[in-house]
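Start counting at 1 in the sequence shown, then tack on 55, and there's your number in my numbering.
We put the beta carbon where it would ideally sit given N, CA and C, even for glycine.
These numbers were taken from a predicted model, which means no experiment stands behind them.
The structure under discussion appears below in the form of structure tokens.
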Amino acid sequence: MFVSVDLDNYPSVRNSSFEVEGPEGWGDHAIPPHQTLRLNTHFMVPTRKFQWRGSKWFSFTFTDHTGRQTHKRNVEVKEERQRTIKTTKLPSEAVVDLTDDRERAVVSLLQEEIVRYSRNGRENGGLGTIQAVDGYKKITTHVYQDSWTSSRAAERQDISVDNDTKIASETGDALVDYGASLPADGADVVQQYLLDRIDRDRDYYGVTYIIVYALWRMDRLNEAFTTVLSRYEHKATIADKIFRRAHTNRVLVKEQRYGYSDVSGLLNGILRYEHESLSEDDLNSIEKFARATREHAFQIQQKVTSIRALRIAGRK
Numbered sequence: 056m057f058v059s060v061d062l063d064n065y066p067s068v069r070n071s072s073f074e075v076e077g078p079e080g081w082g083d084h085a086i087p088p089h090q091t092l093r094l095n096t097h098f099m100v101p102t103r104k105f106q107w108r109g110s111k112w113f114s115f116t117f118t119d120h121t122g123r124q125t126h127k128r129n130v131e132v133k134e135e136r137q138r139t140i141k142t143t144k145l146p147s148e149a150v151v152d153l154t155d156d157r158e159r160a161v162v163s164l165l166q167e168e169i170v171r172y173s174r175n176g177r178e179n180g181g182l183g184t185i186q187a188v189d190g191y192k193k194i195t196t197h198v199y200q201d202s203w204t205s206s207r208a209a210e211r212q213d214i215s216v217d218n219d220t221k222i223a224s225e226t227g228d229a230l231v232d233y234g235a236s237l238p239a240d241g242a243d244v245v246q247q248y249l250l251d252r253i254d255r256d257r258d259y260y261g262v263t264y265i266i267v268y269a270l271w272r273m274d275r276l277n278e279a280f281t282t283v284l285s286r287y288e289h290k291a292t293i294a295d296k297i298f299r300r301a302h303t304n305r306v307l308v309k310e311q312r313y314g315y316s317d318v319s320g321l322l323n324g325i326l327r328y329e330h331e332s333l334s335e336d337d338l339n340s341i342e343k344f345a346r347a348t349r350e351h352a353f354q355i356q357q358k359v360t361s362i363r364a365l366r367i368a369g370r371k
């Protein structure tokens, strides 16, 4: 069925669309002969040439594929004002102001990840330099996403099994290698610099995932989780509870706004592609994090359960 709409009043309708209510919801459904189904329509009116305040009443003419017309008279249309959302850009750190060479190295690598994330971030379906690989071949599925096949529903699809898969990162591995090249006390300093930059009020917030990745490779995963939860998880005050005030986040620029969520996305990918390298303590830490966070936890808990079941089944 084809339907067109004309606005009998000035101005003309622009970008109109229609959906028919079918047995499986709204969509592009055929209307059976001699039957009536509900029709949902959206349209736009050019406001630069035609401004109004409050409500206006319009008359519509709907024309189907046979040329039959249906008229709707004096339909009230309310003004829909477009709100301009003010975004906040978190401040960056100047490498030139730092005096410790170890801190300069850490900050330089983190800022490189910020640049890479701006090109391949959540808006583009990526996670900066983080990627999943199978042997030497890059896996095209994004790290934090899952793909299920209903025809294989009885098979284990939540984690990768019998594959040489792992998570890699050019920037994250460079941080790990740099820390390993230093004496023990120097490596501890590098790790502390990373923990210090788990911060909601600095531009490193957008690449928290790379800090967690590096600390995971440095065997400080539990400390990374504890820091993220203590600094990122909203804690309602007494006044919030009394007045039932909801927590509202700032609207950050697109390359910074998903910092907390991307940590969960990274963990989802680690569990899927590199679960064999995780200890039982790591699994416990990850599960506690997924249960404690109010952010979307992807399929983290399901993957932890699947990994434990796989390990139990593999015991001799």
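Taken through DSSP and simplified to helix, strand or coil, N179 comes out as helix. The residue among Q200, P87, I169 with its C-alpha nearest the C-alpha of Q354 is Q200. For W271, the secondary structure class from DSSP, reduced to helix, strand or coil, is helix. Of the residues assessed, K358 falls on the buried side of the cut-off, its CB having 16 or more other CB atoms within 10 angstroms. Checking the DSSP bridge columns, you'll see W112 partnered with E131. DSSP places T143 within a strand segment (E or B) once states are collapsed to three.
Per DSSP, the unbroken alpha helix (DSSP H) holding I341 starts and ends at 335-347. Per DSSP, the continuous alpha helix (DSSP H) segment holding I355 begins and ends at 355-368.
Residue burial is scored here from C-beta neighbours: N323 has at least 16 other C-beta atoms within 10 angstroms and is therefore classed as buried. Counting of Cβ neighbours within 10 angstroms places S316 among the buried residues, the total reaching 16 or more. In this structure, K144 is the residue among E288, K144, S114 with its C-alpha nearest to the C-alpha of V306. Relative to H351, the option among V308, L338, E288, E331 whose CA is nearest is E288.
Relative to V198, the option among T292, R327, D156, V231 whose CA is nearest is R327. Per DSSP, D189 is one residue of the beta strand (DSSP E) stretching across 185-189. Linking P88 to T204 through their CA atoms gives a straight-line distance of about 36 Å.
If you check the CB distance, R275 and D254 do not come in under 8 Å.
A direct Cα-Cα distance of roughly 59 Å separates T118 from F280.
The shortest C-alpha to C-alpha distance from D213 to any of K343, D336, G176, H330 is the one to H330.
At a Cβ-Cβ threshold of 8 Å, V161 and Y248 count as neighbours.
Straight through space, the alpha carbons of I266 and F344 are spaced by roughly 16 Å.
Counting other Cβ atoms within 10 Å of its Cβ, G122 stays below 16 and is therefore classed as exposed.
Ranking T125, A347, N339, R349 by CA distance to the CA of T360 puts N339 first. Linking I222 to N95 through their CA atoms gives a straight-line distance of about 46 Å. For the set E225, E278, W112, T348, the Cα lying nearest the Cα of D243 is the one of E278. If you ignore the 5 residues before and after P146, its C-beta comes within less than 7 Å of the C-beta of R257, D258, all in its own chain and listed in chain order.
Excluding sequence positions up to five before and after Y264, its CB lies within less than 8 Å of the CB of L182, G183, I185, G314, D317, V318, G320, L321, all in the same chain and listed in chain order. L307 carries a strand assignment under DSSP once its states are collapsed to helix, strand and coil. With 16 or more other Cβ atoms from the protein chains shown falling within 10 Å of its own Cβ, S215 counts as buried. The C-alpha of F113 is placed about 55 Å away from the C-alpha of A209. Less than 8 Å divides the Cβ of Y172 from the Cβ of G261. For S163, the uninterrupted alpha helix (DSSP H) run begins and ends at 156-174, by DSSP.
Across the set V245, G227, Q311, the C-alpha of Q311 shows the shortest separation from the C-alpha of G176.
When beta bridges are read from the DSSP output, S319 appears opposite no residue.
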